[in-house]
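J.: Take my numbering: the final residue in the sequence shown is number 237, and no numbers are missing along the way.
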Amino acid sequence: MLKELIDQFYLENQKNKEQTRFYITDAGKCPRAVFFKFKNAPREPIDARIMRIFEHGENIHRSIFNILYRLRLGVVTEIPIPSQEIISGRADAILCIGNENYVLDIKSMNSMIFRKLLAPKEENVYQIQLYLHYFNIKKGILLYIDKDQQEMKEFFVDYDEALCKSLLDKFYALKDQVEKNVLPLRLEDYPRNWQCNYCAFKKVCKTELWENSLGRE
Ligand code: SF4
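1) Quick one: is K57 buried, meaning 16 or more other Cβ sit within 10 Å of its Cβ, or exposed?
2) What would DSSP say about G48, mapped onto helix, strand or coil?
3) Could you tell me the distance, in whole angstroms, from the CA atom of L205 to the CA atom of R52?
4) Please give me, in chain order, every unbroken run of the alpha helix (DSSP H) with length at least 4 that falls completely inside the stretch 62 to 150.
5) Please say whether K158 and Y275 have beta carbons closer to each other than 8 Å?
6) May I ask you to list the residues that DSSP assigns as paired with F191?
7) Taking the straight line between their C-alpha atoms, what separation do you get for F41 and A113?
8) Leaving aside the five residues before and after R69 along the sequence, list all residues of the same chain whose C-beta is less than 6 Å from its C-beta, in chain order.
9) Ignore the nearest five residues each way along the sequence and tell me which others in C50's own chain have a CB closer than 6 Å to its CB.
10) Given a cut-off of 8 Å on the beta-carbon distance, is the pair Y122 and I44 in contact?
11) What number of angstroms, rounded off, separates the C-alpha of L31 from the C-alpha of E24?
12) By the DSSP assignment, the beta strand (DSSP E) with D166 in it spans what residues?
13) Determine the burial state of K127: buried for a count of at least 16 other Cβ atoms within 10 Å of its Cβ, exposed for fewer.
14) So, A203 versus F55, is the Cβ gap smaller than 8 Å?
15) Here's the rule: buried if 16 or more other CB atoms are within 10 angstroms of the residue's CB, otherwise exposed. What is I87?
16) Can you list, in chain order, the residues of its chain with a C-beta nearer than 7 Å to that of G48? Leave out the 5 residues immediately preceding and following it.
Written out as structure tokens, the structure reads:
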């Protein structure tokens with residue numbers, strides 16, 4: 021009884037607003053799925069259990085922020101990137117260690133994924149690169165936390181101007197597709213790509229109905 025009420029609470033509080041700007045977290049995501057978010061296409065509801073996992077991740081972030089403040093690392097947290105026309109985002113923190121500024125991005129995951137993590141995930145590198153770009157900071161730290169065992173791993177990332185340019189070019193190209201209602205292609209390895217497994221737009225992606233509704237051949 022209580023379990024059902026709690027699940028219901030999570031399901032009723034899902035925010036599925038139409039997206040009007042890109043988010044830094046869209047970097048590295050399937051462009052077709054991002055397109056669907058802009059068009060507010062029908063999506064599968066997120067399971068209440070998954071929403072609780074996200075919430076747990078946010079609580080872990082808050083605990084780390086608390087420690088950073090107590091360490092007096094010149095920390096500011098949850099800082100929006102300077103406003104500009106295409107992209108929004110909020111970095112977890114900016115730290116100063118040994119007179120050097122760092123953008124910090126925190127990621128939490130289960131033990132199984134954490135144990136296998138030998139290098140930062142590509143999409144996480146893309147995101148922190150864009151934070152470095154917009155804050156004009158040359159170094160970043162990706163801090164991964166094992167939610168089950170509370171172990172941590174950190175990876176240092178140096179600003180890569182060419183990579184940021186290519187990421188921003190992709191956002192501009194996708195913006196053009198959104199404005200012209202040109203549906204991006206499916207991922208090359210659809211449906212085997214890991215993103216397809218977790219994609220809320222699986223159904224609409226599979227059908228041709230959406231494409232027809234946009235007046236495509
Ligand atoms: S199912 Fe795969 S290809 Fe289709 S929108 Fe989702 S992530 Fe992209």
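Glycine included, C-beta positions come from ideal geometry on N, C-alpha and C.
T.: Put simply:
1) Along the sequence shown, read from residue 1 onward, the residue named residue 57 stands at position 37. Buried, by the Cβ-count rule.
2) Within the sequence shown, numbered from 1, the residue matching residue 48 stands at position 28. Three-state result, G48: coil.
3) Against the sequence shown, residue 205 aligns to sequence position 185. Against the sequence shown, residue 52 aligns to sequence position 32. The straight-line gap from Cα to Cα measures roughly 6 Å.
4) Qualifying alpha helix (DSSP H) stretches, in chain order: 68 to 91, 131 to 136.
5) It is not possible to answer for residue 275, since the shown part of the chain is limited to 21 through 237.
6) Against the sequence shown, residue 191 aligns to sequence position 171. For F191, which the question treats as bridged, DSSP gives no partner whatsoever.
7) Taking the sequence shown and counting its residues from 1, one reaches residue 41 at position 21. Taking the sequence shown and counting its residues from 1, one reaches residue 113 at position 93. Contrary to the premise, residue 41 reads as Arg rather than Phe in this sequence. Roughly 22 Å between the two C-alpha positions.
8) Stepping through the sequence shown from its first residue, residue 69 is reached at position 49. Hits under 6 Å: none found.
9) Here residue 50 refers to the residue found at position 30 when the sequence shown is read from its first residue. For C50, where only same-chain residues beyond five positions count, the Cβ hits under 6 Å are L207, Q215.
10) For the purposes of this step, residue 122 is taken as residue 102 along the sequence shown, with counting starting at 1. For the purposes of this step, residue 44 is taken as residue 24 along the sequence shown, with counting starting at 1. Cβ atoms of Y122 and I44: not closer than 8 Å.
11) Along the sequence shown, read from residue 1 onward, the residue named residue 31 stands at position 11. Along the sequence shown, read from residue 1 onward, the residue named residue 24 stands at position 4. For L31 and E24, the distance between alpha carbons rounds to 10 Å.
12) Along the sequence shown, read from residue 1 onward, the residue named residue 166 stands at position 146. Unbroken beta strand (DSSP E) run through D166: 159 to 166.
13) In the sequence shown, counting from the first residue as 1, residue 127 sits at position 107. K127 is buried by the Cβ-count criterion.
14) Stepping through the sequence shown from its first residue, residue 203 is reached at position 183. Stepping through the sequence shown from its first residue, residue 55 is reached at position 35. Strictly speaking, residue 203 in this sequence is Leu, with Ala absent from that position. Against a cut-off of 8 Å, the Cβ pair of F55 and L203 comes out as a contact.
15) Position 67 of the sequence shown holds residue 87. Label assigned to I87: exposed.
16) On the sequence shown, position 28 is the one that residue 48 refers to. Hits under 7 Å: E142, E143, Y146.
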